Amino acid sequence: MITLFLAYTYLLGETWFTPLMEIENEDNIVCYENTVLFCICSFLMINVAVAFAAGAPYRRPMYTNQLFLWSTVILVCLTAYITVWPPGFLISLLQLKVPPPYLFRVALVEIAGVSFMISVLIDHFIVPSDFLKRLWTKVRRKKRPRNRYKHVEREIAEDVDWPPVLFDVH
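Written out as structure tokens, the structure is:
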């Protein structure tokens with residue numbers, strides 16, 4: 000969301016940008032705003048796929064899944080190509096209004112890249128940290144386990160007479 004906001008704000012600050020005039024009875028409007036948000040959202044969807052790739056059920060690094068890795072690389076390259084140098088047939092097919100400055104389009108790819116790097120840093124260093132786990136348990140205020148077997152396990156751990164001995168071994 001922050002990435003979309005930054006890209007949109009960056010677009011609004013450009014001198015060549017002209018805001019969209021409202022058109023009645025028009026469903027598909029070709030404008031700079033739609034193009035910028037489409038390009039950034041495309042990168043963000045790839046980012047989400049990479050972020051969730053390390054989760055259940057595999058819990059292995061992304062590079063171990065070669066098919067996913069190469070499809071991600073190809074998608075990133077295609078999305079960058081569409082953002083920076085969109086061919087004419089894709090401009091009409093996707094109904095894009097390409098921003099005139101080349102450096103603006105490169106900046107969109109850079110914004111998406113920085114967003115990706117921040118996401119990877121958060122996923123690899125902040126989310127699995129012990130500090131965040133402790134903070135999460137304090138926020139949830141979970142005092143007792145909800146599962147029955149955890150209650151039994153806690154009672155057994157606290158009971159000094161467990162396991163019950165029927166006769167003395169000595």
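Here the sequence shown is numbered in numbering that gives the first Met the number 0, starting from 0 and rising by one per residue.
Ideal placement from N, C-alpha and C gives every residue a C-beta, glycine not left out.
None of these values were measured; they are calculated from a predicted model.
When V49, L68, L93 are compared, the shortest CA-CA separation from D122 is found for V49. Straight across, the Cα-Cα distance linking N46 with V29 is about 26 angstroms. An exposed status is given to I22, since fewer than 16 other beta-carbon atoms sit within 10 Å of its beta-carbon. The beta carbons of A111 and F37 sit no closer together than 7 angstroms.
Per the Cβ contact rule, the segment 67-82 is not in contact with the segment 140-160 (fewer than 3 Cβ pairs under 8 angstroms).
CA-CA distance, L19 to T2, rounds to 21 angstroms. The segment 76-85 and the segment 96-104 touch, with three or more beta-carbon pairs separated by less than 8 angstroms. Separation of the CB atoms of L5 and Y31 is rounded to 15 angstroms, and the pair is thereby denied contact status at 8 angstroms.
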